Amino acid sequence: MSKAKVLVTGIIPEEGLTDLRAAFDVTYDPEKESREWILNNLANFDGLLLMGTKADRELIDAGKNLKIITTNGVGFDHVDIAYAKEKGIVVSNCPMGVRVPTAEMTFALLLATVRRLFFYDKVVREGNWMDVSEKKYMGMSLQGKTLGIYGMGRIGSEVGRFCQALGMNVIYNDVRQLDSDLEKKLDVKYVDFDTLVKTADVITLHAPALPSTVGIFNADVFGKMKNTAYLINAARGVLVKEADLVDALKNGEIAGAGLDVFENEPNVSADLRALDNVIMSPHAGTGTLEARIAIAQEASKNLISFINDGKALNHVNA
Numbered sequence: 136m137s138k139a140k141v142l143v144t145g146i147i148p149e150e151g152l153t154d155l156r157a158a159f160d161v162t163y164d165p166e167k168e169s170r171e172w173i174l175n176n177l178a179n180f181d182g183l184l185l186m187g188t189k190a191d192r193e194l195i196d197a198g199k200n201l202k203i204i205t206t207n208g209v210g211f212d213h214v215d216i217a218y219a220k221e222k223g224i225v226v227s228n229c230p231m232g233v234r235v236p237t238a239e240m241t242f243a244l245l246l247a248t249v250r251r252l253f254f255y256d257k258v259v260r261e262g263n264w265m266d267v268s269e270k271k272y273m274g275m276s277l278q279g280k281t282l283g284i285y286g287m288g289r290i291g292s293e294v295g296r297f298c299q300a301l302g303m304n305v306i307y308n309d310v311r312q313l314d315s316d317l318e319k320k321l322d323v324k325y326v327d328f329d330t331l332v333k334t335a336d337v338i339t340l341h342a343p344a345l346p347s348t349v350g351i352f353n354a355d356v357f358g359k360m361k362n363t364a365y366l367i368n369a370a371r372g373v374l375v376k377e378a379d380l381v382d383a384l385k386n387g388e389i390a391g392a393g394l395d396v397f398e399n400e401p402n403v404s405a406d407l408r409a410l411d412n413v414i415m416s417p418h419a420g421t422g423t424l425e426a427r428i429a430i431a432q433e434a435s436k437n438l439i440s441f442i443n444d445g446k447a448l449n450h451v452n453a
């Protein structure tokens, strides 16, 4: 009996594909697999490990024999999941492999932002110095401050744990409140969105890109935040209205921002790039070899479980 055929797209570490190669006939050649090539050849495959291209209607229609698409990460806003379901294609994601590395990146951005490391680094590299006794050059200590988590899932919970180690109090807002036992275990408190925005000294974003969340951090919200507060986003760029954030940072409505994701990435506005109270990274939340191997292994499990056993793991379009 011939093995099922799986196409892998994007740049994936080979160490993460060992189990997939043992189970299926795997095609993986990132030098060759342009979008045009994928569209012309996708009909030959049963499964797709997707990274680096959109699974829109055009691509889904090209996959005439596809049974499953698994994203190589937790996000799936680049997949038309409703249309895939209509075509009988399961869509899965990889929520576990991204949890710790994305939380680490969030925490790194948080520390770098509140302690103004980009600004300090820039000054010293330019051969200058400053007296940080002057208030305008100071950052913010975290002990005793309030962290506001928007989206209290796996990553948000991990970020909360990291910040509690530095003595921060944690409040959160989500579409659903955690049960009381879990809140007690995590030592977190649920608040409504307005309270989160007005109370938190640092807000970290961990929500998916949905119609209800796109652009939710906008001029109105920045106007309600403390002018000493910081915004950290390592989730989805479209949660934040970038032009409004630029205005808020310029006008002192908030103190600073740490961003790993952007509204129109890979394009980042020149106005945002010109500011010294924002630190940025190129959507690198899972940018470690260990993380990328773990995510590829999780994606492989999704494919193997469904194609071989009919069990859909991490199913996002059920």
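Here our numbering runs 135 ahead of the position in the sequence shown, where the first position is 1.
Virtual Cβ for every residue (Gly too), placed ideally from N, Cα, C.
These figures come from a predicted structure and were not determined experimentally.
Around the CB of residue 236, 16 or more other CB atoms lie within 10 Å, so the residue is classed as buried. The beta carbons of residue 282 and residue 337 sit closer together than 9 Å.
Taking 9 Å as the cut-off, the Cβ atoms of residue 346 and residue 288 do not count as close.
Residue range 140 to 143 is occupied by the beta strand (DSSP E) that includes residue 140.
Assignment of alpha helix (DSSP H) within the segment 337 to 390, counting only whole runs of 4 or more residues, yields 354 to 359 and 377 to 385 in chain order. Taking 8 Å as the upper bound for CB-CB distance, residue 203 and residue 441 are in contact here, some 5 Å apart. Straight across, the Cα-Cα distance linking residue 266 with residue 381 is about 27 Å. In this model, residue 334 and residue 389 are separated by some 13 Å (Cα to Cα). Comparing C-alpha distances from residue 191 to each of 174, 182, 180 and 377 shows the shortest one belongs to 174. By a beta-carbon distance limit of 8 Å, residue 331 does not contact residue 362. Their separation comes to about 16 Å.
Distance from the Cα of residue 399 is smallest, within the candidate group 419, 374, 413 and 383, for 374. The C-beta distance from residue 238 to residue 297 rounds to 6 Å, short enough to meet the 8 Å contact threshold.
Pairwise C-beta distances place the segment 417 to 431 in contact with the segment 207 to 218, as three or more of them are shorter than 8 Å.
Judged by beta-carbon spacing, residue 286 lies within the 9 Å limit of residue 340, meaning their Cβ atoms are closer than that value. Cβ-Cβ separation between residue 303 and residue 277: approximately 5 Å, consistent with a contact (criterion under 8 Å). Within its own chain, the residues whose Cβ lies closer than 8 Å to the Cβ of residue 301, once the five positions on either side in sequence are excluded, are 277 and 278, listed in chain order. Of the other Cβ atoms in all chains shown, fewer than 16 fall within 10 Å of the Cβ of residue 149; this residue is therefore exposed.
The Cβ atoms of residue 140 and residue 161 sit closer than 9 Å to each other.
Within its own chain, the residues whose Cβ lies closer than 7 Å to the Cβ of residue 145, once the five positions on either side in sequence are excluded, are 165, 186, 187 and 207, listed in chain order. As a beta-bridge residue in DSSP terms, residue 324 pairs with 306. Take residue 182, set aside five residues on each side of it, and the residues of its chain with a beta-carbon closer than 8 Å to its own are 139, 140, 141, 142, 159, 201, 202, 203, 204, 205, 438, 441 and 442, in chain order. In the assembly as shown, residue 169 is an exposed residue. Its beta-carbon has fewer than 16 other beta-carbons within 10 Å. Judged by DSSP secondary structure, residue 285 falls outside any alpha helix (DSSP H) and instead within the beta strand (DSSP E) spanning 281 to 285.
Per DSSP, the beta bridge partners of residue 450 are 227. When DSSP states are grouped into helix, strand and coil, residue 185 belongs to the strand group. Secondary-structure assignment with DSSP links residue 205 through a beta bridge to 184 and 227. Beta bridge pairing from DSSP links residue 415 with 394. When secondary structure is reduced to three states using DSSP, residue 162 falls in the strand class.
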